[in-house]
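S.K.:
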Amino acid sequence: MSLSAVLLAAGSSPTPTPSESPSAVTVPSLQDAQESATNAASWVEQNWSTWLAISLRVLLILVIAGVLRMVVRRAITKLIDRMNRTAQAVDGTAIGGLLVNNERRRQRSQAIGSVLRSVASFIILGTAALMVLGAFEINLAPLLASAGVAGVAIGFGARNLVTDFLSGVFMILEDQYGVGDTIDAGVASGEVIEVGLRVTKLRGDQGEIWYVRNGEVKRIGNLSQGWATAGVDVTLRASEDLDKVKRVLGEVAEKMSKEEPWNELLWSPIEVLGLDSVLLDSMVVRVSAKTMPGKSLTVERELRWRIKHAFDAADIRIVGGATVPVEEEPADPTAAVAAPSVFANSESAQHAAASPLASTPAQRPAAK
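If you read the sequence shown in numbering that gives the first Met the number 0, its first letter stands for residue 0, the second for the next number, and so on.
1. Do the region 221-233 and the region 285-293 make contact, defined as three or more Cβ pairs closer than 8 Å?
2. Here's a check: name, in chain order, each residue in its chain whose Cβ is nearer than 8 Å to the Cβ of K217, leaving out the five neighbours to either side.
3. How would you write the range of the alpha helix (DSSP H) that A309 sits in, first residue to last?
4. Going by C-alpha distance, which of F310, D280, V178 is nearest R107?
5. V233 and I306 - do their beta-carbons sit closer together than 9 Å?
6. On the CB-based measure, 16 or more other CB atoms within 10 Å of its CB, does Y176 come out buried or exposed?
7. According to DSSP, simplified to helix, strand and coil, what is E207?
8. So the alpha helix (DSSP H) A252 belongs to, where does it begin and stop?
9. Kindly list the residues whose CB is nearer than 8 Å to the CB of A134, restricted to its own chain and excluding five residues on each side of it in sequence; keep chain order.
10. My understanding is that G189 touches R197, with C-beta atoms under 8 Å, so please give their C-beta distance in whole angstroms.
11. May I have the straight-line CA-CA distance separating M368 from T162, to the nearest angstrom?
12. Below 8 Å on the Cβ atoms is my guess for A119 versus I75; work out the distance and round it to an integer in Å.
13. For the structure I just gave you, are there three or more beta carbon pairs, one from the region 269-280 and one from the region 235-252, closer than 8 Å?
14. Just to confirm before moving on: does the CB-CB distance between L222 and D180 stay below 9 Å?
15. Hey, which unbroken runs of the alpha helix (DSSP H) at 4 residues or more fall wholly within the region 97-140?
16. For K77, does the three-state DSSP call read helix, strand or coil?
17. Using only alpha-carbon positions, find the residue among I79, S256, A36, Q30 that is nearest to R104.
18. From V325 to E299, what distance separates their C-alpha atoms?
19. In three-state terms, what does DSSP make of S1?
20. Between which two residues does the alpha helix (DSSP H) containing S166 stretch?
21. Does A227 come out as helix, strand or coil in the three-state DSSP assignment?
22. Please return the same chain residues whose Cβ sits closer than 8 Å to the Cβ of M255, not counting the five positions on each side in sequence.
23. Using the beta-carbon count (16 or more within 10 Å), is L279 buried or exposed?
24. Using the C-alpha atoms, what's the distance from A144 back to V66?
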């Protein structure tokens, strides 16, 4: 006997009626179960191809997103490594070892790599998530609108944080400063000890640490890039021999340029630029030279020390100010004395005319 005949025979048997058993519960028959199973099977048969297509599409999207993210991150890592190798090649030159700082290069490379990898991952994974939702035929318009409103609200509330972050990214990408540089950031100045995407740490002249938000920096003066200038002004008497002064300064410059460690700190010969100003009783001679970045003050102090010793040995007098006080002749003590007045004589006619009249005859002066 076939399965269908059995099911038909079972379905023809009488079912209990409520009159026969009022408290009995109606139990589905085998025919109802067969119909339900048949409907479910037909529904699955009709939609399994759609499910399979959606699953394969989602799987393909995820695989492509994962592979693309891995490739992009690896490409960014290789780019950062190539930048480091290029900087290490510059280290082999005479000037490269002085300008390139290992810690500065490492932090800059890490920051750039972290930013690029984060941006790439966000773009790739975000696009993949939207494509997966689209594969399930979900309407993305309300979702994108809600995300836009939420992004505007978050951006408005955290605008200072966004400003700091963007400013830090551009500062690092443009290499405006790095670890070890001495900068003037306007709100604070000192040596850079750490560069971050939001905050830059500076070590001040007194040892204090300044935490400067990158968004607050409006202008930056980097004192450690390229070269620095050491300038010394020497104030002399106007009666000094200029040829002698120039010869002594030339000897000091030549001797200092040949000694250690000044021959490495000086990047150009020490030049006597000439008279910076000429006054009635004094003159200013300016001496200048290009130095290693951040070493201008050290060179200036040493140059002043040597110039003072050389001028003392050559009997050249350095005056203490911009001008020399002029010696004045002693003033005449009688110049401030007023001329004698006729009113000073009590017996003169003018004194008598200016005297008040007496109120009583006894107080009036006796007539002569």
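We put the beta carbon where it would ideally sit given N, CA and C, even for glycine. Computed from a predicted structure; not experimentally measured.
M.R.: Inspection of the coordinates gives the following:
1. yes
2. Taking the first residue of the sequence shown as 1, we reach residue 217 at position 218. Counting only Cβ-Cβ distances below 8 Å, and skipping sequence neighbours, we find G185.
3. Translated into the one-based positions of the sequence shown, residue 309 becomes position 310. Annotation for A309: the continuous alpha helix (DSSP H) segment containing it runs 295-312.
4. Counting from one through the sequence shown, the residue named residue 107 turns up at place 108. Checking every option, the nearest Cα to that of R107 belongs to V178.
5. One-based indexing of the sequence shown puts residue 306 at position 307. One-based indexing of the sequence shown puts residue 233 at position 234. In contact: I306 and V233 (Cβ atoms closer than 9 Å).
6. Looking up residue 176 in the sequence shown gives position 177. Y176 is buried by the Cβ-count criterion.
7. To locate residue 207, count along the sequence shown from 1; it is residue 208. Three-state DSSP puts E207 in coil, outside helix and strand.
8. The sequence position of residue 252 within the sequence shown is 253, counting from 1. Per DSSP, A252 belongs to the alpha helix (DSSP H) from 241-256.
9. The residue given as residue 134 occupies position 135 in the sequence shown. Closer than 8 Å at the Cβ level, and outside the excluded window around A134, lie I53, R56, V57, I60.
10. Here residue 189 refers to the residue found at position 190 of the sequence shown. Here residue 197 refers to the residue found at position 198 of the sequence shown. With a Cβ gap of about 18 Å, G189 and R197 do not count as contacting.
11. Past the boundaries of the shown model lies residue 368; the chain is included only from 0 to 367, so the question cannot be answered.
12. Counting from one through the sequence shown, the residue named residue 119 turns up at place 120. Counting from one through the sequence shown, the residue named residue 75 turns up at place 76. Contact holds; Cβ gap of about 7 Å.
13. yes
14. Within the sequence shown, numbered from 1, the residue matching residue 222 stands at position 223. Within the sequence shown, numbered from 1, the residue matching residue 180 stands at position 181. In this structure, D180 lies closer than 9 Å to L222 by Cβ.
15. 101-134
16. Along the sequence shown, one-based indexing puts residue 77 at 78. Helix.
17. For this step, residue 104 is matched to residue 105 along the sequence shown. Of the listed residues, the one whose Cα sits closest to R104 is I79.
18. Residue 325 sits at position 326 when you count from the first residue of the sequence shown. Residue 299 sits at position 300 when you count from the first residue of the sequence shown. With a pLDDT of 49 at V325, under the threshold of 50, the modelled position of that residue is not reliable, and the figure given next carries that caveat. About 31 Å.
19. For this step, residue 1 is matched to residue 2 along the sequence shown. Here the model assigns S1 a pLDDT of 43, short of 50, so the residue's position is not dependable and the matter cannot be decided.
20. Here residue 166 refers to the residue found at position 167 when the sequence shown is read from its first residue. According to the DSSP assignment, S166 belongs to the alpha helix (DSSP H) that extends over 158-172.
21. To locate residue 227, count along the sequence shown from 1; it is residue 228. Of the three classes helix, strand and coil, the one that applies to A227 here is strand, per DSSP.
22. Counting from one through the sequence shown, the residue named residue 255 turns up at place 256. Excluding sequence neighbours, M255 sits near W261, L265, I269, E301, L302, R305.
23. Translated into positions along the sequence shown, residue 279 becomes position 280. L279 comes out exposed.
24. Numbered from its first residue, the sequence shown carries residue 66 at position 67. Numbered from its first residue, the sequence shown carries residue 144 at position 145. Taking the straight line from one Cα to the other gives about 29 Å.
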